[in-house]
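Going line by line, the protein sequences match chains A and B.
In terms of the working numbering, the first sequence opens at residue 2 and continues consecutively.
In terms of the working numbering, the second sequence opens at residue 1163 and continues consecutively.
Virtual Cβ for every residue (Gly too), placed ideally from N, Cα, C.
One structure below.
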Amino acid sequence: MTDTAVHATPAAAKPAGNSMLRHARYVVAENPVTGLSFGLFLLIALCAVIGPYLVPYDPLASGPAPLSPPSWQHWFGTDQTGRDIFSRVVVATRLDVIIALFSVALVFAMGGLAGIAAGYFGGWTDRIVSRVADTIMAFPLFVLAMGIVAALGNTVTNIILATAIINFPLYARVARAEANVRRDAGFVQAARLSGNGEFRILLTQILPNIMPIMMVQISLTMGYAILNAAGLSFIGLGVKPPTPEWGIMVAEGAANIISGEWWIALFPGAALMIAVFCFNLLGDGLRDLVDPQRRT
Amino acid sequence: MRAPLPQIEADAGIPQPLLEVRDLTVEFHTRRGTVRAVEHISVSVAKGETVGIVGESGSGKSVTSYAVMRILDRAGKIAEGAVMFSGLDLRAIPEAEMRDLRGREMSMIFQSPRLALNPIRKVGKQIEDVLRQHAQVDSDSLAAKAVEMLEQVRIARPRERYHAYPFELSGGMCQRVVIALALACRPQLLIADEPTTGLDVTTQKAVMDLAVELTRERGMAMILITHDLGLAAAYCDRVVVMEKGHVVEAASSEAIFKAPSHAYTRKLMRATPRPGITLRDLLPEGEATPVLTPATTVKASEAPLLAVEKLVKEYPRQGQGGSLAKLFSANKPVPESQVFRAVDGISFSVARGESVGLVGESGCGKSTTSMMVMRLIDKTSGSIVFGGEDIGAIPARQFATLPLRRRIQMVFQDPTDSLNPRFTAARAIADPLLRLGGMSRRDVRARCEELARQVGLPVELLDRFPHQLSGGQKARVGIARAIALKPDLIILDEPTAALDVSVQAVVLNLLQDLKDSLGMSYLFVSHDLNVVRLLCDRVIVMRAGAIVEQGPTEQVLVDPAADYTRDLLTAIPHPPL
């Protein structure tokens, strides 16, 4: 028997891992901003992991020269009690990234799974999940987060929880929409014929297929989570001083801007901006990376 | 107003072609370098002539037409050659002028009518848009002209349909509207790119007859791009056969179908299912293997493997109250008028080792029937008895994990859609073995390789992902998965509808061989009577949820009792062989 089909794919035989790397390089080359965001991400990761061991000063120790402007001794200047702002900005990375990471992981587990179940099963599951999401959306999100932290107590765990809850609708809705279009796809039907139960189909057939889109969502909400955590700290609901944290540092420096000591608020603010910027761009880059339409 | 175009010199001895493509090469810039989609092709179309461009997927037939219309996407460009349209060099003129030509002098009908129409604009308005764009009519008579166009494409009640949205019209009607759009400005050239793919045969005939008649009436030229040799033969004056970006043969349709000179044309023609041949005739000469002796033969006396009795599936009509209303009226019977009967009390049986064709046009309920027999959806009433057990009584949700599941399997219509994009071929085939077969991982791998060999899939392809496989290879993976558990009954849901004819020929033969060697029964769901003729022992013709006719294939297809079957048969275009 002849086989016309066998000869039809000459180029597709390359090993899979190699091609992914090549694809990444192509995406970066096509859009240099993606490359920049990956670079920034590495920098942030580095600061978070080994930053505390590298900084020149103890971030909590007061120094002899309060409110001194940026200089060779103190790159970012010092604050009201003479603490080195550079050291504090670098050390704060870890706490902010941890808050963002855990809250995103939590909301992915809650919102993602609830959304997939809602999209796949439909019916009452869908109604309950969608209405819960709608209820959360009905509140001004930051005010809701404030309320949660104020009610549960001023701890890092509660900031993580509050950030996760306000992001729940985003994840639930994306996951629901993606699962919904796939619930009657051919491969899902085929899995039913192969004797897979509904929950197994959900986890082994649907979930892997919507992971790429969820990855993009994760990256985008990372930036938002950092901003949210900093915002809560800024208004005094969150990490307590003197712990180095970008939001508190901006809050502490805000009063001094009028008297000319701009550096106290500027540098942590800039760090916050770069982090949010980086995660948002990373989301765009990841989308290019996983979007099969871009794979020409 | 119409810009003066250089008039064709009528007094020249040989009529100058309306469109002349000379030595055209189109390149696409991709990451793996430049790919030539078509190379040095020459096609010419005279005024009033219908030319067919025939080829399988990837032959470059669509790219050629895009190059003529200059609507290649960003990565593609015309590298060499000339495209002359009534004396104009289409490569040289500026884009603004080209935009003016498109729609007014040359227009195009696309494959999917629904995608070609704006879903949120009334069809009449869409026709007006085209007329206004090219300033054909003054604004007072726009609406009248649009209605006139709808009338010309024979849409019943054009004045009402003027206000219809595309989703309110059937596929065939949408394609008529598209034709009206394309012809509104009285172009000289019409390019039809697979205009009837996805339409039923009877609709296909109506749409094609209409397009040909209108173009003839207006003295237009038409290029018909198709994969269907029968369609090209029935409607074209000349046929150009393309393979892998090259023109392999160009001649009048009569000459090409009577005496094809190129080997590829011959292969294509052999692979096209038609009356009066056997499955083996589809394969290229010298490659046909002898027919295996069937392991089991149909015994009429035996109890049937599958017996369907008065099967009904009803769906609630849209907009009949939400879930709350349903909650309150859960125990009340739903009034007759509020339900739609997709399947209306049908009865049939499938014997062991028999293959039965289930034929009908879209919306006739054949897919719903197969899904019910497959136990993927629940019936409303009736019984489905399989191997002596009423499987219709078991809810679809529970059926997935029962041991009975392994005895009924299915091959899906779209081989791409039916494979999980993140599973390798081996994992897709292994899934039923692991879930229902109770095999250990090591045995599974061995069985996968055995199955791959059985369906003619090279074993080294087992570790590839679906996007790394061709259409035919994906179809093989789907078939291997279906036969993995040695089922008694396989439902084939248009298994070759998405494949090229030459691949279809191979897959159909494979299915026949597998049936003979494994002794399975097939329920073959299809709209293509020519394919059913080749593979099936018996045929069931369905229409609007009911069975119109059933009986042995030869009897039904040669001497049909029902008028509807006869209509279906006459609507199929055949190459004149």
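I'd like to know if D1690/B contacts chain A, where contact means its C-beta is closer than 7 angstroms to some C-beta of that chain. no
Span separating the alpha-carbon of G36/A from that of P213/A: 19 angstroms
Would you mind giving the Cβ-Cβ distance between A100/A and A272/A, rounded to the nearest angstrom? I have them listed as a contact below 8 angstroms. A quick correction: the sequence has Ile, not Ala, at residue 100/A. With 8 angstroms as the limit, I100/A and A272/A do not qualify as a contact, their Cβ atoms being about 14 angstroms apart.
So does the stretch 71-89 of chain A actually touch the stretch 43-59 of chain A, counting three or more Cβ pairs closer than 8 angstroms? yes
Extract the residue ranges of the beta strand (DSSP E) inside the stretch 1295-1377 of chain B, only unbroken runs of 3 or more that lie entirely within it. Those beta strand (DSSP E) runs which fall completely within the stretch 1295-1377 of chain B and span 3+ residues are 1351-1355.
Integer Cβ distance of V1573/B from P1657/B, believed to fall under 8 angstroms: 5 angstroms
Rounded separation between L1180/B and S1269/B - CA only: 14 angstroms
Which two residues bound the contiguous alpha helix (DSSP H) that contains V1207/B? From DSSP, V1207/B is part of no alpha helix (DSSP H) but of the beta strand (DSSP E) over 1195-1207.
Element boundaries [beta strand (DSSP E), containing S1511/B]: 1501-1512
Grab me the residues of L1730/B's own chain with a C-beta within less than 8 angstroms of its C-beta, minus the 5 sequence neighbours each way, in chain order. V1363, T1364, V1521, E1523, L1691, V1703
Measuring straight from C-alpha to C-alpha, what distance separates T1563/B and A1412/B? Their backbone Cα atoms lie some 56 angstroms apart in a straight line.
Exposed unless 16 or more other CB atoms sit within 10 angstroms - verdict on F1585/B: buried
Counting only beta-carbon atoms, is A1659/B nearer than 7 angstroms to chain A? no
Quick one: residues in its chain with C-beta nearer than 6 angstroms to the C-beta of A93/A, no 5 flanking neighbours on either side, listed in chain order? P245, E246, W247
I need the DSSP call for V56/A, collapsed to helix, strand or coil. coil
Within chain A, the residues that F1574/B reaches when beta carbons sit closer than 8 angstroms: G187, Q190, A191
Rounded straight-line distance, which links the Cα of V1470/B to that of R183/A: Distance between the alpha carbons of R183/A and V1470/B is about 30 angstroms.
Just to check, is the beta-carbon of M1370/B closer than 6 angstroms to a non-hydrogen atom of the ligand COA? The ligand content of the structure shown is nil, which means the ligand COA is not present either.
Would S1688/B and E1516/B be called neighbours here (beta carbons separated by less than 7 angstroms)? no
Hey, would you say A173/A sits closer than 7 angstroms to A134/A, going by beta carbons? yes
Would you mind sorting M215/A into buried or exposed? The rule is 16 or more other CB atoms within 10 Å of its CB. buried
Within chain B, the residues that P209/A reaches when beta carbons sit closer than 7 angstroms: R1584
Beta-carbon of P16/A versus every beta-carbon of chain B: anything under 7 angstroms? Here P16/A scores only 45 on pLDDT, less than 50, and its place in the model is too uncertain to base an answer on.
Taking only the alpha-carbon atoms, compute the straight-line gap between L1581/B and A192/A and give it to the nearest angstrom. Near 9 angstroms, if we compare the C-alpha coordinates of A192/A and L1581/B.
Spell out whether any CB of chain B is found under 7 angstroms from the CB atom of L194/A. With 7 angstroms as the cut-off, L194/A counts as an interface residue toward chain B.
Based on Cα-Cα distance, which residue from V1512/B, S1206/B, F1272/B, D1540/B lies nearest to S1248/B? With distances taken between Cα atoms, S1248/B lies closest to S1206/B.
Which residues of chain A have a Cβ atom closer than 7 angstroms to the Cβ of A1562/B, listed in chain order? R193, G196, N197, G198
Sub-7 angstroms separation of A165/A and S104/A beta-carbons: yes
Is there at least one Cβ from chain D nearer than 7 angstroms to P1594/B's Cβ? Going by chain labels, chain D is absent from the structure shown, which instead holds the protein chains A and B.
Report buried or exposed for N197/A, applying the criterion of at least 16 other Cβ atoms within 10 angstroms of its Cβ. Burial call: buried.
Nearest to I161/A (by Cα), restricted to the options I202/A, L283/A, M223/A: M223/A
From the DSSP secondary-structure annotation, give me the bridge partner or partners of T156/A. Looking at the DSSP assignment, T156/A forms no beta bridge with any residue, so it has no partner.
Beta carbon of V1340/B, beta carbon of P1275/B: below 7 angstroms? Result yes, Cβ atoms of V1340/B and P1275/B sit closer than 7 angstroms.
Proximity winner among E1211/B, E1290/B, A1667/B, relative to M1311/B (alpha-carbon distances): The residue from E1211/B, E1290/B, A1667/B with its alpha-carbon nearest to that of M1311/B is E1290/B.
Alpha carbon to alpha carbon, what distance is there between K1472/B and S1509/B? Straight-line measurement puts the Cα of K1472/B at about 5 angstroms from the Cα of S1509/B.
Top-ranked residue by Cα proximity to F1190/B, from A1417/B, P1583/B, L1252/B, E1242/B: E1242/B
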